[in-house]
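Report on one structure; see the data block that follows.
Protein chains: 2
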Amino acid sequence: MIKVTLMKKVLEGNEDAAEANRQRMKDARIFSVDMMSSPGSGKTTILERTLDALVADLNIAVVQGDVYTTRDAERVEARGARAVQINTEGACHLDATVVGEALGDLDLSDTDILFVENVGNLICPAGFELGTDQRVMVLGVTEGSDKPEKYPAMFRRCSVVLVNKIDLLPVLGMDLADFTDAIRSVNPEIEILPVSALTGEGMEAWYQWLKDGLIARREE
Amino acid sequence: MIKVTLMKKVLEGNEDAAEANRQRMKDARIFSVDMMSSPGSGKTTILERTLDALVADLNIAVVQGDVYTTRDAERVEARGARAVQINTEGACHLDATVVGEALGDLDLSDTDILFVENVGNLICPAGFELGTDQRVMVLGVTEGSDKPEKYPAMFRRCSVVLVNKIDLLPVLGMDLADFTDAIRSVNPEIEILPVSALTGEGMEAWYQWLKDGLIARREE
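If you read the protein sequences in the order shown, they are chains P and U. Going by the working numbering, the first residue of the first sequence is number 560, and it counts up by one from there. Going by the working numbering, the first residue of the second sequence is number 560, and it counts up by one from there.
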């Protein structure tokens, strides 16, 4: 298909921009995370709860990617983060260039952790590195346990997957093992953190992972 | 962003191929439906249940789009449909050209209803008409009621939305009206069919809609 060739050119330009973002955040000693998932997996709710837990001690910025609205940026600003909204105007993923522009709108010297909330999409964002330190997937248990096998690129390129909405497992008649087995079959190395952004279950391990990442960054 | 220009050329080629598919299915008096949704909304489960209800009386074919696996094609073939699998090998949507190739692998003279199950993605498939008679969205209630506002292109280009997993509404503490209001705010004309592919609730209205479509096609 013609699209593959076109996409290759776009990807090459993206890599240079990603490297520039990476260096810029390293210089500012920021720990940064690209959060990716299907629409409706609970990324923004996880961010809201994370902000509630961490904003008292840390300065957090969010680059918010969305196809059209500014709804999610408003939600995280209400919880004490500084947010920059990127509207992709129909495009299906963020790229490193638009994220670089967003970084210019933030005071990086005063930021500890920076989240990029990518557009809800299990396919296109996988190919576009943004220059963050880590890439994290959110998988809602209501999406079904076949998703890792169906969208393997995403799961292979992330270091952590938050398995969200675990409070619904009994209602769905499913076990956590259905998901962990499916995830490990495409990426045996990935760290799996089962959470419920609604009840708070499991969220402490996620906060600790973020704090460990920030400490490691500062010790570089 | 460079991607917009590139995408425009791809879209123009797609329109010709879609028109050819449309004419071909019209000539064969097939009623055809492009089914689109987020990953994990329940498209394949809806198709399985639909096949159970209709295969005794109608010949049904499914063109199954997936990024890598053939898992969904196997599921619908087990229920009595003829299925052709398209693996997009990483691409984020089907286009009319690959669907046209799949039509060549099917005996169209012996088909009443043809479903295209698009790649799970709320953004990219919206721009690519495949040449089907109708485009249908599936929205799982677990995805949240903000999805129509966040992905309006998809909801504006469909004539029907199946609001699926309504058996989970009480567990989520949500009402059907949360979804119908959100959907109508971006597309006041769209037909909304609340269903549970798990319990079968509401599915009769969907089967009737399909049968009405087939009757209309045969009367053309």
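All C-beta atoms, glycine included, are put in the ideal place defined by N, C-alpha and C.
*asked:* Taking CB distances under 7 Å as the criterion, tell me whether P/L662 reaches chain U.
replied: No, P/L662 lies away from the interface with chain U (no Cβ there is under 7 Å from its Cβ).
*Ignoring anything shorter than 4 residues or poking outside the stretch 620-670 of chain U, list the alpha helix (DSSP H) runs there in chain order.*
You should have 630-636, 655-663.
*Taking DSSP as the reference, what is the three-state secondary structure of U/R716?*
Coil at U/R716, not helix or strand.
_Per DSSP, what are the beta-bridge partners of P/G674 in this structure?_
Checking the sequence, you will find Phe at residue 674 of chain P rather than Gly. Its beta-bridge partners are P/V592, P/V621.
*What residues from the stretch 675-693 of chain U come within 8 Å of chain P, judged by C-beta to C-beta, listed N to C?*
Per Cβ criterion, the list reads V678, G679, N680, L681, I682, C683, G686.
*Just curious, the alpha helix (DSSP H) that U/L735 is in, first and last residue?*
Counting along the chain, U/L735 sits inside the alpha helix (DSSP H) bounded by residues 735-745.
_Is the separation between the beta-carbon of P/I702 and that of U/P598 shorter than 7 Å?_
Strictly speaking, residue 702 of chain P in this sequence is Glu, with Ile absent from that position. Against a cut-off of 7 Å, the Cβ pair of U/P598 and P/E702 comes out as a contact.
*With a threshold of 16 other CB atoms inside 10 Å of the CB of U/P707, please say whether the residue is buried or exposed.*
That one is buried.
*Return the residues of the stretch 704-728 of chain P that lie within a Cβ-Cβ distance of less than 8 Å from chain U, sorted by chain order.*
For the stretch 704-728 of chain P, the set of positions with a beta-carbon nearer than 8 Å to some beta-carbon of chain U reads D705, K706, E708, K709, Y710, P711, A712, K724, L727 in chain order.
*Out of P/V695, P/T647, P/M762, P/F687, point me to the one whose CA is closest to P/F674's CA.*
It is P/V695.
*Cβ of U/N677 within 7 Å of Cβ of U/F714?*
Result no, Cβ atoms of U/N677 and U/F714 do not sit closer than 7 Å.
*Does DSSP put U/L721 in a helix, a strand or coil?*
It is a strand residue.
*Straight-line Cα distance separating P/Q623 from P/G649*: Taken atom to atom, the span from the alpha-carbon of P/G649 to that of P/Q623 is near 15 Å.
*List the residues of chain P that U/R588 touches, going by C-beta distances under 7 Å, in chain order.*
Residues of chain P whose Cβ lies closer than 7 Å to the Cβ of U/R588 do not exist, since the nearest Cβ in that chain is about 30 Å away.
*Between the C-alpha atoms of U/D705 and U/L698, what's the straight-line distance to the nearest angstrom?*
About 11 Å.
*Are any of the Cβ atoms in chain U nearer than 7 Å to that of P/T758?*
It does not; no Cβ of chain U falls within 7 Å.
*asked:* Taking 6 Å as the limit between beta carbons, can you name the residues of its chain near P/V635, skipping five residues before and five after?
replied: In its chain, beyond the 5 residues on either side, L606, V621, A642 have a beta carbon closer than 6 Å to the beta carbon of P/V635.
*Apart from the five residues on each side of it in sequence, which residues of its chain come closer than 7 Å, Cβ to Cβ, to P/A661?*
Closer than 7 Å at Cβ, skipping near neighbours: V622, V643, I645.
*Tell me, please, whether the CB atom of U/G599 is closer than 7 Å to any CB atom in chain P?*
With 7 Å as the cut-off, U/G599 counts as an interface residue toward chain P.
*Simplified DSSP assignment, three categories, for P/G699*: In this structure, DSSP gives P/G699 an extended state, which the three-state scheme calls strand.
*Are the CB atoms of P/D669 and P/F590 nearer to each other than 7 Å?*
Taking 7 Å as the Cβ cut-off, P/D669 and P/F590 do not qualify as a contacting pair.
*asked:* I'd like to know if the stretch 571-579 of chain U and the stretch 723-737 of chain P are in contact, where contact means that at least 3 CB-CB pairs between them fall below 8 Å.
replied: No, they do not touch.
*CA-to-CA distance, P/L681 to U/V626, given in whole angstroms*: A direct Cα-to-Cα measurement between U/V626 and P/L681 gives close to 10 Å.
_Neighbour list for P/Y627 in chain U, Cβ cutoff strictly below 9 Å_ = For P/Y627, the C-beta contacts it makes with chain U under 9 Å involve E708, K709, Y710, P711, A712, in order along the chain.
*asked:* To be precise: take each residue of the stretch 616-648 of chain U, compare its Cβ to all Cβ atoms of chain P, and keep it if any distance is under 7 Å. Which residues remain?
replied: Residues are counted here when their Cβ sits less than 7 Å from a Cβ of chain P; for the stretch 616-648 of chain U these are D625, V626, Y627, T628, R630, given in chain order.
*Are the CB atoms of U/A764 and U/L752 nearer to each other than 7 Å?*
Yes, the Cβ-Cβ distance between U/A764 and U/L752 is below 7 Å.
*Under a three-way DSSP split, which group does U/E750 fall into?*
The answer is strand: DSSP assigns U/E750 an E or B state.
*Please look up how many angstroms separate the CB atoms of P/D671 and P/I619, rounded, as I've assumed it's under 8 Å.*
Between P/I619 and P/D671 the Cβ distance is about 7 Å, and since that is below 8 Å, they are a contact.
*Thinking C-beta only, is P/L610 closer than 7 Å to P/G639?*
For P/G639 and P/L610, yes; Cβs fall inside 7 Å.
*Please work out which residues of its chain come closer than 7 Å, Cβ to Cβ, to U/G659, disregarding the five sequence neighbours upstream and downstream, and give them in chain order.*
So the list reads A576, A579, N580, once near-sequence residues are dropped.
*Would a C-beta distance cut-off of 7 Å place U/V754 and U/L731 closer than the cut-off?*
In this structure, the beta-carbon distance from U/V754 to U/L731 does not fall below 7 Å.
_P/V697 at chain U interface by Cβ criterion, 7 Å_ = The beta carbon of P/V697 does not come within 7 Å of any beta carbon belonging to chain U, so the residue lies off that interface.
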